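The next block holds one structure in the form of structure tokens; read it before the comments.
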Amino acid sequence: MTQTDTGSRPTTAKLSLPTLTTMVVGSMVGAGVFSLPSRFA
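In this text, residue positions in the sequence shown follow the working numbering: the first is 10, and each later residue adds one.
Written out as structure tokens, the structure reads:
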């Protein structure tokens with residue numbers, strides 16, 4: 010049997026400021042796309 014390295018930390022994905030900003034802007038645009046047709050109806 011081989012022993013796994015339990016002392017190492019698991020790798021985590023880090024989000025940078027531009028990535029987080031893009032996600033927020035994208036969610037705002039996405040919400041606007043779905044609320045826009047109700048204004049024309």
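In this text, a Cβ means the ideal position worked out from N, Cα and C, and glycines have one as well. In this text the structure is predicted, and so the values were computed from the model without any measurement.
Rounded to whole angstroms, the gap between the alpha carbons of T30 and K23 is 14 Å. Boundaries of the alpha helix (DSSP H) harbouring L45: L26 to F49, taken from the DSSP string. Each residue's CA atom was taken as its position, placing L45 and S36 some 14 Å apart.
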